Amino acid sequence: MKVQGKEQSFSNTYLAVAIRITIFGFCAISVGLNAYAEQYNQVSTIQEYHIAPSTLGKALSNFALQSGVALSFDPLLLKGINSSGLNGQYRVDEGFQELLKNTKYQIKQTSSGYALEEKPQNNKRVESVKLTPLLSKANQDLHSSGASSDALLPTISLKAEDRRASLQQKSGISALGNKSILDTPFSIAVVTSEEIEKRGAKSLGQIFANDPSVYTPTTSMTTDWWGTQIRGLGVRNYYVDDIPLSLAWGGDFPVEAADQVIALKGLTGFMYGFGSPGGAISYQTKRPTSSPQTSLQVDYRNKNLFSAYLDKSDYLSSIDLGYRFTLGGDTGQAYNDTKNKRVVSSFALDKQFNDQLSWDANVIYEYNDRKQEPIQFYLDQYEIGNTNVKLPRVNYNYSNLNIDDSYYKTETLVSSSSLKWKLNEQWNTKYQFGYSRKKHFSNKIFATLDNSQGDYIGNLYNFAGLSQYFFNQIMMNGKFKTSWIDHDLVMGAGYIKNYDTYSDFFWGDFFQGNLYTKPDYQITHPKNFDLISKGSPETQKYAFMSDTLSFGPKWQAILGTRYTKYELESQDNTSNNYRANKATPTIALLYKTIPESTVYASYVEALEPGKRVEAPYQNIGTILNATISKQYELGFKYEIDKLSLTSALFRVERAELMDSFRNGLRYLTQDGLTNYQGLEFDSKYKLTDRLKVGLGFIHLDSEIKHVSEDNQSIKGSSPAFTAKWQGVINSEYSFERIEGLSIHGNIRYNGSSFITNNNLIKVPAYTIMNLGTSYKFRLNGYDATLNTNLNNVFNKKYWAGGGYNAGTIGEERNGSISIKVNW
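Quick note, the sequence shown lines up with residues 23 to 845 if you use the numbering used here.
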């Protein structure tokens, strides 16, 4: 049946109105701020309290708010602890005592108010969280009687974890019990929303600029096209709160909706079943906060790109429901002459029914209309047969690379919901379901680069596509003891189905061009985005289990397995389906020399799905079996006081897909084994109270082995676009004389790599420097942050290679400035 998928235009008026509303709100709030900036005297008489049942952190905050006292505590200490509330007349100390009854915490009075007793922890800082200036009954009496404005409530100060560099953060790997990064026997990189905002990051390359193991040739404000790599292997697995999302081609996930972005290195087999063995990218979305917060951020990027985003979180005590929403968008022209229009919205809910049962849900939507972006080049036909030939020189005259009426538009939707049930103090369960879809409308220009003079053959790629995922999973986690061994057991089962629907593909309308002249090509091919061709649906039914065995304070072992039942259905509903049933183990041993360090060894297997060979190969219809890759890793993690350090030796063995030519005819075959082995290192050190430095690198030694007679010419070669060395130096300095002002920067080296497996021509190495500043200050009594960033400071001209034989002209020097106000 024909499915209508007409391109849905998004009116310019809607985006303009959304940005005007947010900017108008920013101005109105700034003008309207007044006497509430000052603190008020503490009231310490008996008061009537009505604190609704909620989390303990919310209950304490509401009690302090009604009491008119300053309270300092770490919300992470109280995570997962609920309160039955408080009703009646109490003094301040009595009320705190009642709320904390049957917990392991108590309140102590300090010179500045009250604080929750806690054990000392590293990597903590104090942040001020401005609460809505409500009046307690006593304060209302003072206010109505004309008392001084000093009677208003004080700011509540909360301790918050410095999330930028802590190995104590949760890893986000729920299938292993959601341990800290320090106690996880795999390499993990976490980038928080604070870091993303500070560095003005918009693309995966900018987000992971300080992690040399994560690489992408895709420049900012262009469409990502199969380019992202982890440890030299392409990333095909992207997840949003565990929901799979198709992002390998045709776009990124909106970072404005993400609380943190995680690179999971080598753990795809156990975490997600089928996928690339290099790793996965996981987005953790923003959740409602424990206290009301609102922020407005306005950005400007050259040439003429404006953005505005409103982020609000609040709590409805009458129904015990927390919510958070984000709304905003971009409009204008980027540094590379790309014309961009984008709208992003997200909405999240948290509901605590009682001490045992809670529920959450979220929806994220993005519409991205990117016009006239630079041509995407392919390099595999460049100077065929020649060696030691350099790629053409690069200039940043983007007008020679942009074609009128070319565009790539995407519409992204991710929705999920989960129900959590705490069975008792040791056992809990979680059911999660979700849906994701990404719709593509391509009128994009590609080109095959021919020679060092910059000649190329260009063509139009016109199509529409819709990729959808349906996700269901139930998981149980429990802790128990057998003899002298402690167990942390995780069990789960789930079902994933995905399928793609496409319009007719058009790859043609060929034209000749040159990098250094404006092409005279005009797009005349008619656009038809009717979705008429349904791809082969894929289903995964799976079950997994892991057990962390603790043999005292120093030794741990992790045993896990995942069983996946995979089916690739035929397009015509015939019996010509492909099925595979595979079990993949995960094994790890950990030794903690001290509580702040971990030495580990791990082994994990990953599955890559089989596939049915399609045209233009001569063996069309042939089924290629699912393959298993293996990863071995030996690592060390350490974090104490001023130093954080992670390192890993790893080896990945992966089966390859290769083109084989027989009698001049092209066949797709499973041929050869590629070994990726290397050393990964990352360190951060606080030289002084104001200066932090970081150093990281990855060294890869990769080789193609065990090939057939048809491919003996590439035996021993390095896989395409796999650099031997990549490295990063970064630093941040906070100025003493200007409180709140800091400067940050990094220098990243990306090594040279071969364009194809034949190892004839290389993409040269290049080094990029980025700089930025961040200034935290008070604006009309509210917290504000001004961030500025300059990318490619010295305007380095370079080629970047990656993906399927693809090459990208580098990113010209460009800058951004943003201001964010919180209240």
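Note that the Cβ used here is the ideal one computed from N, Cα and C, for glycine as well. None of the values given here were measured: they were computed from a predicted structure.
Grouping DSSP H, G and I as helix and E and B as strand, with all else coil, what is residue 718?
Residue 718 sits at position 696 when you count from the first residue of the sequence shown. Here residue 718 sits in strand by DSSP.
With burial defined as no fewer than 16 other Cβ atoms inside 10 Å of the residue's Cβ, what is the status of residue 278: buried or exposed?
Along the sequence shown, read from residue 1 onward, the residue named residue 278 stands at position 256. So residue 278 ends up on the buried side.
Ordered along the chain, which non-local residues of its own chain (more than five positions away) have a Cβ less than 6 Å from that of residue 701?
Taking the sequence shown and counting its residues from 1, one reaches residue 701 at position 679. Cβ neighbours of residue 701 beyond the five flanking positions: 671 and 721.
Nearest to residue 421 by alpha carbon, out of 826, 316, 541 and 404?
Mapped onto the sequence shown, residue 421 falls at position 399. Among 826, 316, 541 and 404, the Cα nearest to that of residue 421 is on 541.
For residue 384, which option in 392, 404 and 435 has the closest C-alpha, if you only look at C-alpha atoms?
Your numbering for residue 384 matches position 362 in the sequence shown. If we check each option's Cα against that of residue 384, 435 comes out closest.
Where does residue 115 land, buried or exposed, given buried means 16+ other C-beta within 10 angstroms?
Here residue 115 corresponds to residue number 93 of the sequence shown, with the count starting at 1. Its Cβ having fewer than 16 others within 10 Å, residue 115 is exposed.
Among the candidates 815, 495, 362 and 122, whose CA atom is the shortest distance from the CA of residue 224?
Here residue 224 refers to the residue found at position 202 when the sequence shown is read from its first residue. Taking only the C-alpha atoms, the option nearest residue 224 is 362.
Is the Cβ-Cβ distance between residue 694 and residue 704 less than 7 Å?
Here the question's residue 694 lines up with position 672 in the sequence shown. Here the question's residue 704 lines up with position 682 in the sequence shown. No.
Does the distance from the CB of residue 214 to the CB of residue 193 come in under 7 Å?
As a first step, residue 214 is located in the sequence shown; it is residue number 192 there, counting from the start. As a first step, residue 193 is located in the sequence shown; it is residue number 171 there, counting from the start. In this structure, residue 193 does not lie closer than 7 Å to residue 214 by Cβ.
How would you call residue 829, buried or exposed, if buried means at least 16 neighbouring beta carbons within 10 angstroms?
The residue you call residue 829 lines up with position 807 of the sequence shown. So residue 829 ends up on the buried side.
Please say whether residue 768 and residue 792 have beta carbons closer to each other than 7 Å?
In the sequence shown, residue 792 corresponds to position 770, counting from 1. In the sequence shown, residue 768 corresponds to position 746, counting from 1. In contact: residue 792 and residue 768 (Cβ atoms closer than 7 Å).
May I have a chain-ordered list of the beta strand (DSSP E) segments no shorter than 3 residues that lie completely inside the region 735–797?
As far as the region 735–797 is concerned, its whole beta strand (DSSP E) runs of at least 3 residues are 747–756 and 763–772.
What are the boundary residues of the alpha helix (DSSP H) that includes residue 468?
Indexing the sequence shown from 1 puts residue 468 at position 446. Not the alpha helix (DSSP H): residue 468 falls in the beta strand (DSSP E), residues 449–471.
When the distance is taken between beta carbons, is residue 479 closer than 7 Å to residue 425?
The residue given as residue 425 occupies position 403 in the sequence shown. The residue given as residue 479 occupies position 457 in the sequence shown. Cβ distance not < 7 Å, so residue 425 and residue 479 don't count as in contact.
Between the region 325–339 and the region 282–297, can you find at least three pairs of beta-carbon atoms closer than 8 Å?
Contact between the region 282–297 and the region 325–339 is absent, because fewer than three Cβ pairs lie under 8 Å.
Is it the case that the Cβ atoms of residue 484 and residue 499 are separated by a distance below 7 Å?
Taking the first residue of the sequence shown as position 1, residue 484 is located at position 462. Taking the first residue of the sequence shown as position 1, residue 499 is located at position 477. Not a contact, by the Cβ cut-off of 7 Å.
Classify residue 304 as helix, strand or coil using the three-state DSSP reduction.
As a position in the sequence shown, residue 304 is number 282, starting the count at 1. Here residue 304 sits in strand by DSSP.
When the distance is taken between beta carbons, is residue 837 closer than 7 Å to residue 822?
Along the sequence shown, one-based indexing puts residue 822 at 800. Along the sequence shown, one-based indexing puts residue 837 at 815. Their beta carbons are not under 7 Å apart, which means residue 822 does not touch residue 837 by this criterion.
What's the gap between the Cα of residue 618 and the Cα of residue 204?
The sequence position of residue 618 within the sequence shown is 596, counting from 1. The sequence position of residue 204 within the sequence shown is 182, counting from 1. Answer to the nearest angstrom: the Cα atoms are 8 Å apart.
Skipping 5 residues on each side, what residues in its chain have a beta carbon closer than 7 Å to that of residue 128?
As a working note, residue 128 is residue 106 in the sequence shown. Closer than 7 Å at the Cβ level, and outside the excluded window around residue 128, lie 122 and 139.
Which value, in whole angstroms, describes the spacing of the CA atoms of residue 440 and residue 94?
Locating residue 440 in the sequence shown gives position 418, where the first residue counts as 1. Locating residue 94 in the sequence shown gives position 72, where the first residue counts as 1. One C-alpha to the other measures close to 31 Å.
With DSSP run on the structure shown, which of helix, strand or coil describes residue 68?
To locate residue 68, count along the sequence shown from 1; it is residue 46. Reduced to three states, the DSSP call for residue 68 is coil.
Out of 556, 528 and 539, which one is the CA nearest neighbour of residue 548?
Translated into positions along the sequence shown, residue 548 becomes position 526. Comparing Cα positions, the closest option is 528.
Please state the DSSP three-state secondary structure of residue 116.
Your numbering for residue 116 matches position 94 in the sequence shown. The answer is helix: DSSP assigns residue 116 an H, G or I state.
What separation, rounded to the nearest whole angstrom, lies between the Cα atoms of residue 445 and residue 195?
To locate residue 445, count along the sequence shown from 1; it is residue 423. To locate residue 195, count along the sequence shown from 1; it is residue 173. Distance between the alpha carbons of residue 445 and residue 195 is about 21 Å.
May I ask which residues mark the beginning and end of the beta strand (DSSP E) holding residue 619?
In the sequence shown, counting from the first residue as 1, residue 619 sits at position 597. Run containing residue 619: 619–630, per the beta strand (DSSP E) assignment.
Within the continuous alpha helix (DSSP H) that includes residue 13, where are the two ends?
Given a span of 23 to 845 for the chain in the structure shown, any question on residue 13 remains unanswerable.
Can you name the residues that DSSP bridges to residue 494?
Here the question's residue 494 lines up with position 472 in the sequence shown. According to DSSP, residue 494 bridges with 455 and 517.
Considering just the uninterrupted stretch of the alpha helix (DSSP H) at residue 243, what are its terminal residues?
What you label residue 243 is simply residue 221 of the sequence shown in a count that begins at 1. Counting along the chain, residue 243 falls outside any alpha helix (DSSP H), and DSSP gives it neither H nor E.
What residue does the beta strand (DSSP E) around residue 615 start on, and which one ends it?
Indexing the sequence shown from 1 puts residue 615 at position 593. That residue, residue 615, is in no beta strand (DSSP E); it is neither H nor E in DSSP.
Under 8 Å by Cβ, that's how I've got residue 297 and residue 258 pegged, so tell me the actual separation to the nearest angstrom.
Mapped onto the sequence shown, residue 297 falls at position 275. Mapped onto the sequence shown, residue 258 falls at position 236. Correct: roughly 6 Å between the Cβ atoms.
Quick one: is residue 247 buried, meaning 16 or more other Cβ sit within 10 Å of its Cβ, or exposed?
As a position in the sequence shown, residue 247 is number 225, starting the count at 1. Counting Cβ neighbours within 10 Å, residue 247 comes out buried, since at least 16 surround it.
Could you check whether the region 678–687 touches the region 652–667, counting it as contact only if at least three pairs of C-beta atoms, one from each stretch, sit closer than 8 Å?
No, the region 678–687 is not in contact with the region 652–667.
With residue 395 and residue 245 assumed to form a contact (beta carbons below 8 Å), what rounded beta-carbon distance in angstroms separates them?
For the purposes of this step, residue 395 is identified with residue 373 of the sequence shown, where counting begins at 1. For the purposes of this step, residue 245 is identified with residue 223 of the sequence shown, where counting begins at 1. Going by Cβ atoms, the distance from residue 395 to residue 245 rounds to 6 Å, so yes, they are a contact pair.
Mind checking residue 509: buried by the 16 CB within 10 Å criterion, or exposed?
As a working mapping, residue 509 is identified with position 487 in the sequence shown. Exposed.
Let's test the definition: count the other Cβ atoms within 10 Å of the Cβ of residue 210 and tell me whether it reaches 16, buried, or not, exposed.
For the purposes of this step, residue 210 is taken as the residue at position 188 of the sequence shown. With 16 or more other Cβ atoms within 10 Å, it is buried.
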